[in-house]
Structure formats: C-alpha cells, structure tokens
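Student:
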Amino acid sequence: MTETNQLQKVRVILLDVDDTLLDFGACSREAVQSACHQTGIPWTEDLFATFQEMNAGFWAQIEAGTLTLRELWEIRWQRIFDRLGIQGDGPAFETAFHQALDVTHMPVNGALQTVQALKSAGYGVYAASNGRQKQQETRLELAGLSRWLDGVFTSEAAGVNKPDIRFYQYVMDQLHQSHPDLVPEQVLMVGDSYTADITGAQNAGMQTLWFRRDDLPQADFSRLDELPSIVRCLHKQPDFMRCSI
Numbered sequence: 735m736t737e738t739n740q741l742q743k744v745r746v747i748l749l750d751v752d753d754t755l756l757d758f759g760a761c762s763r764e765a766v767q768s769a770c771h772q773t774g775i776p777w778t779e780d781l782f783a784t785f786q787e788m789n790a791g792f793w794a795q796i797e798a799g800t801l802t803l804r805e806l807w808e809i810r811w812q813r814i815f816d817r818l819g820i821q822g823d824g825p826a827f828e829t830a831f832h833q834a835l836d837v838t839h840m841p842v843n844g845a846l847q848t849v850q851a852l853k854s855a856g857y858g859v860y861a862a863s864n865g866r867q868k869q870q871e872t873r874l875e876l877a878g879l880s881r882w883l884d885g886v887f888t889s890e891a892a893g894v895n896k897p898d899i900r901f902y903q904y905v906m907d908q909l910h911q912s913h914p915d916l917v918p919e920q921v922l923m924v925g926d927s928y929t930a931d932i933t934g935a936q937n938a939g940m941q942t943l944w945f946r947r948d949d950l951p952q953a954d955f956s957r958l959d960e961l962p963s964i965v966r967c968l969h970k971q972p973d974f975m976r977c978s979i
C-alpha cells in the first residue's frame, strides 16, 4: 500500500493481466506445449522450468528499461535453447509460442466474481498490462472478463512499458476521455509485480495494492476475490492492516 491511503476517493481500479487476472503459469505452459507440437521440439518439464526462470529475468530487464519487448521476442527462445543444448529455431518457436499464447485464457481463481463485484460497486474497472493490445484483449474476451471491463491499456498502445511513468500518464490521458476530472490519487493499481505495478503506479501518484498468489508475506493480499471486500473496508477504515482478510 501507499503510505497515505485515501482509498475512499478511488473511482477507477486498474488490474494487471498476467498473474493478476489471468494465470500466466497455466497459460504459458499450454502455449509452450502447443509450440513444441507445432515445431517438433520435444516437450519436457525442464524446458518449461527453464523458460519460467529465464523469462522472469528477461521481464526484470524490461522493467528496468534495459531490454525492449521487440528484443525479448528476438532472443528469448534462442537463449533458452542454447542453455539446454537444444538444436532449434528460436525465432520460429517464438512465433508459434505467441500464436498459442494469444488464445490462452485461464483466469486466476476469483477473477470473474472480482471484476463483477467491482463493476457492480460503481468503479471504473480497466486492465493495465505490459503486452500487445490485441493479444490481451483477445485473452480477456475468451476468459469472459471483457464485458466487465471498461477498457484495456497496454504497453504496446502506450509506447512504453510499466513501470515507466509515461505508461501511467498515457493511462490517465485515456481515462480523462470518460473521467475528465479524475486525478491520479483517485486511481488504484492492483498487480503482482512490485516494480511494474506498485512502484510504477506510486511514482505516478496512484494508490496501489500488491497482489501475490504465492502468499509472499510483504504483499497486501493473496486471493483476488478478497479485493472488493478490502476496498469496501478501506472506504470506511483507512487502516489497511485492519482490512486484511
């Protein structure tokens, strides 16, 4: 949480996509298996585990501004293959992986009831993701979440990745089209990445809640379906510790 929690003022809630609304581990496993089938690369648990490890490192570089999405797509699978001694075409596998990932859509437990509850409570509810616009829109649509969202903001559309403050400024510019008097303090960002979602949004003056399904002790909460109750509680009691479930 930010140190000065004025959540009674929040009008708009931004939700990260991967590992917040959608289960990226399950989605990426399905996409890797599909890409293996398409390209003839043998599927192994070691391949997927190496992908998870190296992909996390690549995304840390993206959040630090030392790697671009385009560069990630060019190098990711070739680096993974090189690590494992696999003879394969990394860029071709990346294409197959992306084609499969574009339609993966396993929601995190509680995602649907959470967005329904937030929307029913009168908030503006949006997705805010580092990723491609069409891909994230498609996945959220297939997951049955889009009808409860007012929009999807992506780094592709913004031209910069979270945590760059320009991403959040882009979001504010877009929000002003439907909420002309909105200020950053009335926006709550919820996500799993402390760097991209929490630090980035705080630097832009927004409120934040850190969501981690792995029960990381420092995080604010670990079950997405707790979010409506936490926000409702904070409207009455601005002490986050008293609102933890």
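Per this note's numbering: the sequence shown ends with 979, consecutive numbering throughout.
Where is the CB? At the ideal position from N, CA and C, for every residue including glycine.
#1: Could you say which of ASP884, PRO951, LEU806 lies nearest to GLY824 if we only look at CA atoms?
#2: Kindly list the residues whose CB is nearer than 6 Å to the CB of LEU943, restricted to its own chain and excluding five residues on each side of it in sequence; keep chain order.
#3: Would you say PHE792 and LEU781 are within 9 Å of each other, going by their C-beta atoms?
#4: Secondary structure at ASP780, three-state DSSP: helix, strand or coil?
#5: Under 7 Å Cβ to Cβ from HIS910, same chain only, skipping five residues before and after it: list those, please.
#6: Please confirm whether SER927 and GLU797 have their CB atoms less than 9 Å apart.
#7: Please state whether DSSP places PRO841 in a helix, a strand or coil.
#8: In the DSSP assignment, the beta strand (DSSP E) including TRP882 goes from what residue to what residue?
#9: Let me know the secondary structure DSSP gives VAL744 once reduced to three states.
#10: Please list, in chain order, all residues of the same chain as THR736 whose beta carbon is under 7 Å from its beta carbon, the five residues on each side excluded.
#11: Extract the residue ranges of the alpha helix (DSSP H) inside the stretch 787–840, only unbroken runs of 4 or more that lie entirely within it.
#12: Quick one: give me the first and last residue of the alpha helix (DSSP H) that MET906 is part of.
#13: Taking only three categories from DSSP, how would you classify THR754?
#14: Check whether the Cβ atoms of LEU756 and LEU852 lie closer than 9 Å to each other.
#15: Checking the sheet assignment: what are the DSSP bridge partners for ASN863?
#16: So, helix, strand or coil for VAL921, using DSSP?
#17: Of the residues ILE820, ALA861, LEU879, which one's Cα is nearest the Cα of GLN908?
#18: Let's see if you can read the secondary structure: which residues bound the alpha helix (DSSP H) around GLN952?
#19: Taking its Cβ as the centre, do 16 or more other Cβ atoms sit within 10 Å of GLY858, making it buried, or is it exposed?
#20: Does THR738 come out as helix, strand or coil in the three-state DSSP assignment?
#21: Would you mind stating whether ARG966 and ALA855 have Cβ atoms separated by less than 9 Å?
#22: To the nearest angstrom, how far is it from the Cα of GLN821 to the Cα of HIS913?
#23: Determine the burial state of ASN739: buried for a count of at least 16 other Cβ atoms within 10 Å of its Cβ, exposed for fewer.
#24: Does LEU958 pass the burial test, meaning 16 or more other C-beta atoms within 10 Å, or should it be called exposed?
Tutor: Reading it off the structure:
#1: Along the sequence shown, read from residue 1 onward, the residue named residue 824 stands at position 90. For the residues ASP884, PRO951, LEU806, the minimum Cα distance to GLY824 belongs to LEU806.
#2: Walking along the sequence shown from the start, residue 943 turns up at place 209. The answer, listed in chain order, is VAL924, ASP954.
#3: Locating residue 792 in the sequence shown gives position 58, where the first residue counts as 1. Locating residue 781 in the sequence shown gives position 47, where the first residue counts as 1. No.
#4: Taking the sequence shown and counting its residues from 1, the one referred to as residue 780 is at position 46. It is helical.
#5: What you label residue 910 is simply residue 176 of the sequence shown in a count that begins at 1. If we look at HIS910 and ignore the five residues flanking it on each side, its Cβ neighbours are LEU916.
#6: Locating residue 927 in the sequence shown gives position 193, counting from the first residue. Locating residue 797 in the sequence shown gives position 63, counting from the first residue. Yes, Cβ-Cβ distance for SER927 and GLU797 is below 9 Å.
#7: Walking along the sequence shown from the start, residue 841 turns up at place 107. Looking at PRO841 - three-state DSSP - the assignment turns out to be strand.
#8: Here the question's residue 882 lines up with position 148 in the sequence shown. TRP882 -> no beta strand (DSSP E), and no H or E assigned at all.
#9: Here residue 744 is taken as the residue at index 10 of the sequence shown, counted from 1. In this structure, VAL744 counts as coil in the three-state DSSP scheme.
#10: Against the sequence shown, residue 736 aligns to sequence position 2. In this predicted model, THR736 has a pLDDT of only 45, less than 50, meaning its place in the structure is not dependable; the value taken from the coordinates is given anyway. Excluding positions up to five away in sequence, the list reads GLN936, GLN941, THR942.
#11: 803–818, 824–835
#12: Stepping through the sequence shown from its first residue, residue 906 is reached at position 172. Run containing MET906: 899–909, per the alpha helix (DSSP H) assignment.
#13: As a first step, residue 754 is located in the sequence shown; it is residue number 20 there, counting from the start. Coil, per DSSP.
#14: Stepping through the sequence shown from its first residue, residue 756 is reached at position 22. Stepping through the sequence shown from its first residue, residue 852 is reached at position 118. It is not a contact, given that the beta carbons lie outside the stated cut-off.
#15: Taking the first residue of the sequence shown as position 1, residue 863 is located at position 129. The amino acid at residue 863 is misidentified as Asn; the sequence shows Ser. The partner list for SER863 (beta bridge, DSSP) reads THR888.
#16: Indexing the sequence shown from 1 puts residue 921 at position 187. Reduced to three states, the DSSP call for VAL921 is strand.
#17: Position 174 of the sequence shown, counted from the first residue, corresponds to residue 908. Closest option to GLN908, Cα to Cα, is ALA861.
#18: As a working note, residue 952 is residue 218 in the sequence shown. Run containing GLN952: none; DSSP gives neither H nor E here.
#19: Looking up residue 858 in the sequence shown gives position 124. The residue is buried, with at least 16 neighbouring Cβ atoms inside 10 Å.
#20: One-based indexing of the sequence shown puts residue 738 at position 4. Residue confidence for THR738 is low, a pLDDT of 41 falling below 50, so the modelled location carries little weight; the figure read from the coordinates is stated next. Note: THR738 maps to coil in three-state DSSP.
#21: As a working mapping, residue 966 is identified with position 232 in the sequence shown. As a working mapping, residue 855 is identified with position 121 in the sequence shown. In this structure, ALA855 lies closer than 9 Å to ARG966 by Cβ.
#22: Along the sequence shown, read from residue 1 onward, the residue named residue 821 stands at position 87. Along the sequence shown, read from residue 1 onward, the residue named residue 913 stands at position 179. C-alpha separation (whole angstroms): 53 Å.
#23: Here residue 739 corresponds to residue number 5 of the sequence shown, with the count starting at 1. Annotation note: pLDDT 45 at ASN739 (below 50); position unreliable, coordinate value reported separately. Label assigned to ASN739: buried.
#24: Start at 1 with the first residue of the sequence shown, and residue 958 comes out as number 224. Buried.
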